Amino acid sequence: MDLDTLTSTPENLPVFSLMNSSEKTAWLKSEAYKILDVLHINDFQSLDFLHEEIQKLDSDEMVLKAMLSGDVYSCAMCSKQYTKAAWLKKHLEKKHDFEFSKPDSDRKESNPVQCFLFMSLLLRDTCDSYRMGDGERIVRNAYFEWLYARSLNHTKYSLWLWRLIAYVDAVLSPSESAEYKWNMTVNLKGGVQNNIPNDCCVELQVKNIKRQLNTQGSNKSFKSAQKICMTTQVVEDIMDKLQKSVKSFKPKGSRPEVDKSKDIDQIVQHLRKHGPVKSIKWDSFSKFKNPIAKISAPSLFEWINYNQKIASLYM
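Right, here's the structure in full:
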């Protein structure tokens, strides 16, 4: 659109009144890709680097597994046996001059603007995918979210996202996986863009159960709580039908907030007011490193293998 600055007036715009819907969509897509290229949002060097390192470690792991017989590792060169893979690896390096891959620390400079824009778009797209009940997008974004959760040491979310990905890609059959993605959200109000995550629906149900329990005062017990859990949904349906039949006023219930993209606007406003946003390099963030670039490939590979063993036992 030939924009020199963000406040400039767009030039050389097509005549939209002469274009059909497919042509308008194609034009918007082409402009969006131009913006992504200019801002380097399509630059996945950190991901490519991490993928290459994991592939090297996986190749080393396959070499060691090839020498595994039962619970014992047997050296293919001298038939010496070991009970630990690390001991066999050390033996191969010292006695047989075997070269295993070493982690490469030569990474390119990270751009804080590109990283912030990518994470902002990821957050907006995830919020929108939950509102629309789009399981495909939810799972697709979960891969990136899992990497960010690992890099920032969010143990709870990294395990939860790992379980989600494992169910979709490995544990469930193709038909069950499609059904799992289809049922990641629930719509309590009806209409488009009114879906909420199943976790939020559980929170609403827990709130209803607590409200019913509080009416019993000191008489509440485990059995009464059990009965309330079994009958809460039925009671809510009966109350809803009664209120509709007598046309009584039904108070609006509060729902958990799904869209957290407003946080992005607040961050941008704060940076515009207090932070140096004039230059694309951001001199005050000269030591900035992309969160994904902080991930140690060996530790991530070890974490994946450990959780794969747990998944094979309990999932």
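Quick note: the sequence shown, position 133, residue 133 per UniProt numbering, numbers continuous.
We put the beta carbon where it would ideally sit given N, CA and C, even for glycine.
In this text, all values refer to a predicted model and were calculated from it rather than measured experimentally.
Check, Outcome
"What are the partner residues of Leu68, as DSSP defines its beta bridges?", "Tyr73"
"To the nearest angstrom, how far is it from the Cα of Lys227 to the Cα of Val246?", "28 Å"
"If you reduce the DSSP assignment to three classes, tell me which class Thr126 lands in.", "helix"
"Assess, as a yes-or-no matter, whether the segment 184-194 is touched by the segment 131-140 under the definition of 3 or more beta carbon pairs within less than 8 Å.", "yes"
"In the DSSP output, which residue or residues are listed as bridge partners for Val246?", "Bridge partners of Val246: none, in fact."
"Given a cut-off of 8 Å, decide if Pro291 and Ser151 are closer than it, judged by their beta-carbon atoms.", "yes"
"Expressed to the nearest angstrom, what Euclidean distance is found between the alpha-carbon atoms of Cys127 and His270?", "22 Å"
"Assign Thr9 to one of three DSSP states: helix, strand, or coil.", "coil"
"When you compare the segment 68-75 with the segment 137-153, are there three or more beta-carbon pairs, one atom per stretch, that lie closer than 8 Å?", "no"
"Considering only residues of the same chain and omitting the five flanking positions on each side of Ser279, which have a CB-CB separation below 6 Å?", "Residue confidence for Ser279 is low, a pLDDT of 47 falling below 50, so the modelled location carries little weight; the figure read from the coordinates is stated next. Same-chain partners within the cutoff: there are none."
"At what residues does the beta strand (DSSP E) containing Asn195 begin and finish?", "Asn195 to Pro197"
"Considering only residues of the same chain and omitting the five flanking positions on each side of Ala149, which have a CB-CB separation below 7 Å?", "Tyr157, Ser158 and Leu161"
"Would you tell me roughly how many angstroms separate the C-alpha atoms of Glu179 and Ala86, rounded to the nearest one?", "41 Å"
"If I measure Cβ to Cβ from Ser296 and keep anything under 8 Å in the same chain, skipping five residues before and after, which residues do I get?", "Pro103"
"Mapping DSSP to helix, strand and coil, what is Asp97?", "coil"
"Three Cβ pairs or more, each shorter than 8 Å: is that satisfied between the segment 117-125 and the segment 162-169?", "no"
"Would you mind working out which of Glu53, Lys56, Leu18 and Lys89 sits nearest Met67, comparing C-alpha positions?", "Lys89"
"State the Cα-Cα distance for the pair Trp282 and Phe288, rounded to the nearest angstrom.", "In this prediction, Trp282 scores a pLDDT of 49, lower than 50, which makes its location untrustworthy; no coordinate-derived value is stated."
"Less than 8 Å between the C-beta atoms of Leu57 and Phe301, yes or no?", "yes"
"Should Phe222 be labelled buried (16 or more other beta-carbon atoms within 10 Å of its own) or exposed?", "exposed"
"Please classify Met62 as buried or exposed, where buried requires at least 16 neighbouring CB atoms within 10 angstroms.", "exposed"
"Would you report the Cα separation of Lys29 and Ile165, rounded to the nearest angstrom?", "29 Å"
"Within the same chain, show all residues whose beta-carbon is closer than 8 Å to that of Cys201, passing over the 5 residues directly before and after it, in chain order.", "Val186 and Leu188"
"Could you give the residue range of the alpha helix (DSSP H) that holds Thr155?", "Thr155 to Ala166"
"Taking 8 Å as the cut-off, decide whether the C-beta atoms of Tyr82 and His91 are in contact.", "yes"
"Over the uninterrupted alpha helix (DSSP H) stretch that includes Val38, give me the two end residues.", "Ser21 to Val38"
"Excluding five sequence neighbours on each side, which residues of the same chain lie with their C-beta closer than 6 Å to the C-beta of Phe98?", "Leu92"
"My output table needs one value for Asn208: the three-state DSSP class, helix, strand or coil.", "helix"
"Below 8 Å on the Cβ atoms is my guess for Leu18 versus Gln114; work out the distance and round it to an integer in Å.", "The pair is not a contact, with the Cβ atoms about 36 Å apart (cut-off 8 Å)."
"Taking buried to mean at least 16 other C-beta atoms within 10 Å of its own C-beta, is Asn111 buried or exposed?", "buried"
"Cutting at 7 Å between CB atoms, please list the residues of its own chain near Asn198, excluding the five before and the five after it.", "Met184, Thr185 and Val186"
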